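What follows is one structure encoded as structure tokens, with my remarks underneath.
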Amino acid sequence: KKRSIKVSHLCIMVDFITAFNWNKDLPTGKFIFLKDTVESNGNFLVSHLINRFLSEDIEKSKVCLVSMEQNFKHYFQISRKLGVNIKKQENLKRFFFIDGLVDQFSWLNEEENEKKNNNEEEQLDREEEKIKNMLDEHDSQFTKSLFHKITSICEDKSDYPEASTCIVIDNINVLFDFVENYVQVVDLINYLRDYVSYSNHTLICLAHSIEGDDVSDLINLIAHSSDFFINVSPLPTGYSKDVHGKISLISHSHLSISQLYHFQVLENTVKVFEPGTD
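In our numbering, the protein residues as written are 3 to 280.
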């Protein structure tokens, strides 16, 4: 007999890991794309994934959050409920918050070309230089500077030389408002995807699916380029007190393996279960 599964924020991520055959750790060198709808917001998954990475061994991982939708207080309050203090992690230089709400262009005046670590492998140097050259040729000052800001955090090995970085963008829809050509956002995500693939970091992006939106086709294009696609959507039958929506998990890395769950978000836990077992 099938049983529903009630899990904490850590357990739901273990459930995802099991579904995707991620074993003990979340994947590195991969692009995880989250898409939600107006009726079923997926930001709770962003918070759970951030906390999952920060729950790793201190030497293993750090998080760079580019917040285009929520402020620091929002993530701080949720992280405390989930058992992680992101302010403490920020002081430990394991959590980096780039605030796109207050000052979207705060990184534009920063020096874009960071000095490379003398011990960095030659292959990484060549690959990074190629990506940066492409950015210089084709994209806006906004996307170039944001790319350099993110990668400079990833490449800083002074505190945790063995750590990989989880790059999180909590709403890529807003990025489209700051470029002259929508394709520049697609290029930015593609460059970050290529960057994490060879540098052993992780990229997580959330996008909102809005019917009739000008960028919906581009968002679908980005989704198809991901290694793992997580789609959060409402129930076709409408609102339910006990079931808040559906989560479909698609692994593009493994012959498009897909699985479907129903979920309920509680105060500090998430209940997930297969359809028909609630």
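For each residue, glycine too, the CB sits at the ideal point set by N, CA and C.
Predicted, not measured: the structure shown is a model, and the values here were computed from it.
Asked	Found
Closest Cα partner of lysine 1 within the set Leu177, Leu103, Ile60	In the structure as shown, the chain starts at 3 and stops at 280, and residue 1 therefore has no counterpart that could be examined.
Three-state secondary structure assigned by DSSP to lysine 62	coil
Alpha-carbon spacing of lysine 3 relative to glutamine 266, whole angstroms	Model confidence at lysine 3 stands at a pLDDT of 42, short of 50, so the residue's coordinates are unreliable; what they give is reported in the following sentence. One C-alpha to the other measures close to 21 angstroms.
Residues bridged to lysine 37 (per DSSP)	Ala209, Asn233
Reference aspartate 101; option with closest CA among Val176, Lys83, Ser166	Val176
Touching by the beta-carbon criterion (3+ pairs, under 8 angstroms), the stretch 57-73 and the stretch 222-238	no
Proximity winner among Val170, Gly240, Leu84, Leu262, relative to phenylalanine 33 (alpha-carbon distances)	Val170
Separation of tyrosine 200 from asparagine 120, as counted between CA atoms	Reliability fails at asparagine 120, whose pLDDT of 42 lies under 50, so the model's placement of it is uncertain and the value that follows must be treated cautiously. Each residue's alpha carbon lies about 18 angstroms from the other.
Straight-line gap, valine 185 to asparagine 87 (C-alpha atoms, nearest Å)	36 angstroms
Counted within 10 angstroms of its Cβ, other Cβ atoms place histidine 226 as buried (16 or more) or exposed	exposed
Check: leucine 67 C-beta below 7 angstroms from any heavy atom of the ligand HEM	Because no ligand of any kind appears in the structure shown, any question about the ligand HEM cannot be addressed here.
Alpha carbon of glycine 85 to alpha carbon of glycine 31, nearest angstrom	26 angstroms
For valine 9, three-class secondary structure by DSSP	Reliability fails at valine 9, whose pLDDT of 40 lies under 50, so the model's placement of it is uncertain and no value is given.
For methionine 70 and asparagine 183, believed in contact at Cβ under 8 angstroms, the rounded distance	At roughly 18 angstroms, the Cβ-Cβ gap does not stay under 8 angstroms, so asparagine 183 and methionine 70 are not in contact.
Cut-off 7 angstroms between Cβ atoms - residues of its own chain near asparagine 202, not counting five sequence neighbours on either side	Thr30, Gly31, Ser166
Burial state of isoleucine 212 (16 or more Cβ within 10 Å)	exposed
Nearest-angstrom Cβ-Cβ length linking leucine 251 and serine 260, presumed shorter than 8 angstroms	6 angstroms
Beta-carbon contacts of glycine 247 that lie in its chain and below 7 angstroms, excluding the five residues immediately before and after	Ser42, Val234, Ser235, Pro236, Leu237, Phe265
C-alpha gap between glutamate 157 and proline 277, whole angstroms	43 angstroms
Among Leu194, Phe275, Phe78, the one whose alpha carbon lies nearest that of isoleucine 155	Leu194
Cross-strand partners of threonine 167 (DSSP beta bridge)	Lys64
Histidine 150 - DSSP class collapsed to helix/strand/coil	helix
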